[in-house]
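**Q** Number 71 in numbering that gives the first Met the number 0 belongs to position 72 of the sequence shown; there are no gaps in the numbering.
Here's a structure for you.
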Amino acid sequence: MSPDYRVIIGDSRRMTEVTDESVHLIVTSPPYPMVSIWDDLFAEASAPSYNEMHEYLNETWREIRRVLIHGGIACINIGDATRTSNGIFHLYPNHSRIIENFEKLGFVTLPYVLWKKPTNRPHYKGKGAFLGSGFLPPNAYVTLDMEYILIFRKGPPRSFPPKDPRRYDSKFTKTERDEWFSQVWRVPGARQDIDGLERRVAAFPEEIPRRLIRMFSILGDVILDPFLGSGTTLKAAMELDRKFVGYEKFPQLAEFIKSKVGSSHRQVEFLEQRSAIKELAR
Ligand SMILES: C[S@@+](CC[C@H](N)C(=O)[O-])C[C@H]1O[C@@H](n2cnc3c(N)ncnc32)[C@H](O)[C@@H]1O
């Protein structure tokens, strides 16, 4: 029998450890294409262009389609990016590329959430901030201070037996529903840990996976995060009585994931992906 909580140190582009149609909900935040902190990671896949970065993510999206049950939901937190290339500052709209790619895989696109983070400074001519002439039109740019939580479903909605007790025990309150199902969420960013690892993995605050898990799964469901980072989704899933499987490519993060979930880490099975599979994923 497989344990209720599993973390696989390995590559989610081949989730061989997860059987077909065994996951109810995906909550994740991938590395963002064209955001400089992630360049090395994509370059390792010899995929430095915008298209190739999305091709890298597509491999995991294909696996998501395989492992989700029919009616299962995928919530993808992503931000757009800006970059100056060949002297021209412009937008890389990651969210719209991911919607197109999920549509190509046959997913149903559902209305998404805009997560407003109280961060980031305005830009001027592609520089990090307004310079002295920042009040003069027309060469300033709108600041990217929103991220997206894209929501996709594999086929038609899930069905449940009438009065299913697990479903009824999972219900949310009217206040929760009114806040969570509105399109703009104002949630502060993650608190930073002492050595800055949460910043380096761009951790999302616990409130994000907590809401999504309560909105789109029921007690006892299996949640998957294929880009686990510091383990925020694992922590939320454990606290909300869901089962969990996650993938994280960098072994250095295993200790950090353990410390995030505290003494509950003893219930989590940590596995090394088989090296033959890691080789395949290169
Ligand atoms: C944006 S971070 C996730 C942050 C996470 N939501 C948190 O709260 O800590 C993306 C993570 O995906 C990992 N990653 C990138 N490519 C991967 C892959 N192919 N398989 C598994 N993990 C991967 C990176 O190492 C990084 O830790």
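Backbone N, C-alpha and C fix where the C-beta goes; we use that ideal spot for every residue, glycine too.
Remember, it's a predicted structure, so these values are computed and weren't measured experimentally.
State the start and end residues of the unbroken alpha helix (DSSP H) segment that holds residue 177.
**A** Segment 173-179, the alpha helix (DSSP H) holding residue 177.
**Q** Over the uninterrupted alpha helix (DSSP H) stretch that includes residue 236, give me the two end residues.
**A** Element bounds for residue 236: 231-238.
**Q** So what's residue 84 in DSSP terms, helix, strand or just coil?
**A** Residue state, collapsed to three classes: strand.
**Q** Do residue 97 and residue 22 have their C-beta atoms within less than 8 Å of each other?
**A** No. Outside cutoff.
**Q** Measuring alpha carbon to alpha carbon, tell me which residue in 217, 161 and 199 is nearest residue 71.
**A** Considering only alpha carbons, the answer is 217.
**Q** Using the three-state DSSP reduction, which class does residue 214 fall into: helix, strand or coil?
**A** Residue 214: helix per DSSP, three-state reduction.
**Q** Please tell me whether, using a cut-off of 7 Å, the distance from the CB of residue 195 to the nearest non-hydrogen atom of ligand 1 is below it.
**A** It does not: the Cβ of residue 195 is nowhere closer than 7 Å to a heavy atom of ligand 1.
**Q** For a quick check, are the C-beta atoms of residue 143 and residue 232 less than 8 Å apart?
**A** In this structure, residue 232 does not lie closer than 8 Å to residue 143 by Cβ.
**Q** Any heavy atom of ligand 1 closer than 7 Å to the beta-carbon of residue 95?
**A** No, the beta carbon of residue 95 sits no closer than 7 Å to any heavy atom of ligand 1.
**Q** Thinking just about the alpha-carbon of each residue, which of 111, 210, 99 and 268 is nearest to the one in residue 254?
**A** Residue 254 has its Cα closest to that of 268, out of 111, 210, 99 and 268.
**Q** What residue from 87, 88 and 182 has the CA that sits closest to residue 111's CA?
**A** Of the candidates 87, 88 and 182, the one whose C-alpha sits nearest the C-alpha of residue 111 is 182.
**Q** With H, G and I counted as helix, E and B as strand and the rest as coil, what does DSSP make of residue 156?
**A** Residue 156 falls in the coil class under three-state DSSP.
**Q** For residue 184, I'd like the list of residues in its chain whose CB is within less than 6 Å of its CB, leaving aside the five on either flank, ordered along the chain.
**A** Result list for residue 184: 112 and 114, in chain order.
**Q** Under 8 Å by Cβ, that's how I've got residue 32 and residue 93 pegged, so tell me the actual separation to the nearest angstrom.
**A** Indeed they touch by this definition, with Cβ atoms about 5 Å apart.
**Q** Please tell me whether, using a cut-off of 7 Å, the distance from the CB of residue 188 to the nearest non-hydrogen atom of ligand 1 is below it.
**A** Every heavy atom of ligand 1 is 7 Å or more from the Cβ of residue 188, so no.
**Q** Do the CB positions of residue 78 and residue 146 come within less than 8 Å of each other?
**A** In contact: residue 78 and residue 146 (Cβ atoms closer than 8 Å).
**Q** For a test of your reading of the model: does the CB of residue 65 fall under 7 Å from any non-hydrogen atom of ligand 1? Yes or no.
**A** Not so, every heavy atom of ligand 1 lies at least 7 Å from the Cβ.
**Q** From 63, 138, 134 and 91, pick the residue whose C-alpha is nearest to that of residue 101; which is it?
**A** With distances taken between Cα atoms, residue 101 lies closest to 63.
**Q** Run the proximity test for residue 246: is its beta-carbon closer than 7 Å to any non-hydrogen atom belonging to ligand 1?
**A** Yes, Cβ of residue 246 sits closer than 7 Å to a heavy atom of ligand 1.
**Q** Given a cut-off of 8 Å on the beta-carbon distance, is the pair residue 219 and residue 165 in contact?
**A** Their beta carbons are under 8 Å apart, which means residue 219 touches residue 165 by this criterion.
**Q** Residue 258: beta carbon under 7 Å from a heavy atom of ligand 1?
**A** No; taking the cut-off as 7 Å, the Cβ of residue 258 has no heavy atom of ligand 1 nearer than that.
**Q** Going by DSSP, name the residue or residues bridged to residue 147.
**A** Bridge partners of residue 147: 77 and 113.
**Q** Any heavy atom of ligand 1 closer than 7 Å to the beta-carbon of residue 30?
**A** True, at least one ligand heavy atom lies under 7 Å from that Cβ.
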